[in-house]
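Protein sequences appear in the order of chains A and B.
When you number the first sequence by our numbering, it's gap-free, plus one each residue, and the end is 802.
When you number the second sequence by our numbering, it's gap-free, plus one each residue, and the end is 802.
Note that CB positions come from ideal geometry on N, CA and C, so glycine has one too.
Everything numeric in this text was worked out from a predicted model, so none of it was measured.
See structure below.
Number of protein chains: 2
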Amino acid sequence: MTIRVLVADDQAMVRAGFRMLLSREEDVEVVAEASNGLEAVDKAARFQPDVALMDIRMPELDGLEATRRILAADETARILILTTFDLDEYVYEALRAGASGFVLKDDPPEQLLGAIRVVAGGDALLSPAITKRVIKRFARVPQPSPPKELEELTERELDVFRLISRGLSNAEIGQELYITDTTVKTHITHILQKLNLRDRVQAVVLAYETGLFDGEPSRRG
Amino acid sequence: MTIRVLVADDQAMVRAGFRMLLSREEDVEVVAEASNGLEAVDKAARFQPDVALMDIRMPELDGLEATRRILAADETARILILTTFDLDEYVYEALRAGASGFVLKDDPPEQLLGAIRVVAGGDALLSPAITKRVIKRFARVPQPSPPKELEELTERELDVFRLISRGLSNAEIGQELYITDTTVKTHITHILQKLNLRDRVQAVVLAYETGLFDGEPSRRG
DNA sequence: GCTCTCCTCCTACTCGGGTAGGAGGCGGCG
DNA sequence: CGCCGCCTCCTACCCGAGTAGGAGGAGAGC
């Protein structure tokens, strides 16, 4: 009995990464993929997966609304929200929408696998990072956090991210992309803000942990 | 017809990493492992591998002398020197000893696989990084480089390395290990020198590329 | 036309990371 | 015993990284 999984994420690279990750597990099988919310709703109905891995930020229909619709059609469906990194309000909204769990993409792979198994078993689960946030949320009332957008990286930012992940310095990245290092800095600042990371080191860790740039050469000889 | 490989390296962790890496390839098979030079000579004679992956730095008998002995017993043996990172004099000595190739552990995995196949096919091959170094060597005469040691990391340096690879800052590492951040800096300077790396970012890349800390949690929730 | 996003580049600033060099304590080993 | 390697910590310094904030050009879409 394998756990049948639907992967819904608009970035093909991310889907590929998770497919690869999950393919290594004997008890997990990716039975369908979706690149937007509508497709996710459709495929969830058709394939009846045991667990749907659902990104929040998707075109057509976001992961929250997709979650609601899937559950409206089948209230036994198990949905594991798998989001890009930062969240804030999204956590609570997703849980209200009926999601069974919430995992950060920068959690270690074992945690994701654990979450899939727990959720498939019928239990709910929050990633420790999320749990911490939820607790903090109920401990404090204010949390005047601005409605910060959960944004996707642009093409250029992805270029820079890839090179960061190979260990290049800003100057080297600039040479590689034919731009100045001040521009590189600009991109990096945006990347770190969007992904809620502290510095490039964390970016490298994230890239490897999520298998973001798998298959691409890591260094030039 | 698979390529039969002997892996000789004194660090179990490293052997495990390469075994895992190679196990993914259909045309490659690890038929034996050795944790020191004497064992490598013995197992090379008994298993007659197509290629021996040989670390230089090993107890009992180093990889260079092991290479000489293996070739003395069987001059058709193919030995691929797989060393930790820095080298200098070792490259030339190893090539004189009759090694068929030289690959850095911080080269990307595909490069190692390519090298194994090339060497198994009877050709010689140097990693681009090595080639560059050899060329530089013959381009310039002086190279007053001191006989820098090819050193292994100490236990404490490994502790720090592990934490670096999780994306922690020096201060965080210090808290984790109950030492000051100046001490952390000292360790890091040594790590970077020994591994011939520029900064912690490259250290993270190296850790992931070689699978150094596989199986250890990458982050705390 | 206008607007918005993206990409580019800039200055100016702060701060953490890394280097250099020294120093003391400790345990193992010849 | 003395030497050496490892671990610890220090000061002082430099530089790359990251932030803040602004600016202009190109292209897409309304």
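Going by DSSP in three states, residue i sits in which element: helix, strand or coil?
{"i": "Met635 (chain B)", "result": "strand"}
{"i": "Val785 (chain B)", "result": "helix"}
{"i": "Arg714 (chain B)", "result": "Residue placement at Arg714 (chain B) is flagged as unreliable, the pLDDT there being 45, under the threshold of 50; a coordinate-derived value is accordingly withheld."}
{"i": "Leu749 (chain A)", "result": "coil"}
{"i": "Gly702 (chain B)", "result": "coil"}
{"i": "Arg733 (chain B)", "result": "Before going on, a small fix: residue 733 (chain B) reads as Glu here, not Arg. Glu733 (chain B) falls in the coil class under three-state DSSP."}
{"i": "Gln629 (chain A)", "result": "coil"}
{"i": "Asp780 (chain B)", "result": "coil"}
{"i": "Glu641 (chain A)", "result": "coil"}
{"i": "Ala658 (chain A)", "result": "coil"}
{"i": "Gly679 (chain A)", "result": "coil"}
{"i": "Val722 (chain A)", "result": "Since pLDDT at Val722 (chain A) reaches only 27, below the 50 mark, its modelled position is unreliable, and no value is offered."}
If you follow the beta strand (DSSP E) that residue i is in, where does it begin and where does it stop?
{"i": "Ile769 (chain A)", "result": "From DSSP, Ile769 (chain A) is part of no beta strand (DSSP E) but of the alpha helix (DSSP H) over Asp762 to Leu776."}
{"i": "Gly682 (chain B)", "result": "Gly682 to Leu685"}
Should residue i go down as buried or exposed, given a rule of 16 or more other Cβ atoms within 10 Å for buried?
{"i": "Gln783 (chain A)", "result": "buried"}
{"i": "Pro630 (chain B)", "result": "buried"}
{"i": "Tyr759 (chain B)", "result": "exposed"}
{"i": "Thr583 (chain B)", "result": "exposed"}
{"i": "Ala680 (chain B)", "result": "buried"}
{"i": "Asp636 (chain B)", "result": "buried"}
{"i": "Glu656 (chain B)", "result": "exposed"}
{"i": "Gln774 (chain B)", "result": "exposed"}
{"i": "Thr770 (chain A)", "result": "exposed"}
{"i": "Gly736 (chain B)", "result": "The identity of residue 736 (chain B) in the sequence shown is Glu, whereas the question assumes Gly. Flag for Glu736 (chain B) reads exposed."}
{"i": "Thr761 (chain A)", "result": "exposed"}
{"i": "Glu691 (chain B)", "result": "exposed"}
{"i": "Arg649 (chain B)", "result": "buried"}
{"i": "Glu755 (chain A)", "result": "In the sequence as presented, Glu is not what sits at residue 755 (chain A); that position holds Gly. Looking at its Cβ environment, which holds 16 or more other Cβ atoms inside 10 Å, Gly755 (chain A) is buried."}
{"i": "Ala678 (chain A)", "result": "buried"}
{"i": "Asp733 (chain B)", "result": "In the sequence on display, residue 733 (chain B) carries Glu and not Asp. Exposed is the call here."}
{"i": "Ser604 (chain B)", "result": "exposed"}
{"i": "Glu620 (chain B)", "result": "buried"}
{"i": "Val586 (chain A)", "result": "buried"}
{"i": "Met601 (chain A)", "result": "exposed"}
{"i": "Asp608 (chain B)", "result": "exposed"}
{"i": "Arg826 (chain A)", "result": "Here chain A comprises residues numbered 582 to 802, so residue 826 (chain A) is not present and cannot be evaluated."}
{"i": "Gly703 (chain B)", "result": "exposed"}
{"i": "Ala696 (chain A)", "result": "buried"}
{"i": "Arg596 (chain A)", "result": "buried"}
{"i": "Thr763 (chain A)", "result": "exposed"}
{"i": "Arg781 (chain B)", "result": "buried"}
What does DSSP give as the partner residues of residue i in its beta bridges?
{"i": "Glu614 (chain B)", "result": "B:Val588"}
{"i": "Val609 (chain B)", "result": "B:Ile584"}
{"i": "Leu663 (chain B)", "result": "B:Val684"}
Return the first residue and the last residue of the alpha helix (DSSP H) that residue i is part of.
{"i": "Asp740 (chain A)", "result": "Glu736 to Ile745"}
{"i": "Gly644 (chain A)", "result": "Gly644 to Ala654"}
Do residue i and the ligand ATP come close, with the Cβ less than 7 Å from some heavy atom?
{"i": "Ile754 (chain A)", "result": "In the structure shown, the ligand ATP is absent, as is every other ligand, since no ligand is present at all."}
Quiz item: Looking at chain B, which residues of the region 738-760 of chain A have a Cβ within less than 9 Å of any of its Cβ atoms?
Solution: Ile745, Ser746, Arg747, Gly748, Leu749 and Ser750
Practice problem: Determine which residues of the region 759-793 of chain B have a Cβ less than 7 Å from any Cβ of chain A, and write them out in chain order. | Solution: Arg781, Val782, Gln783, Val785, Val786, Tyr789 and Glu790
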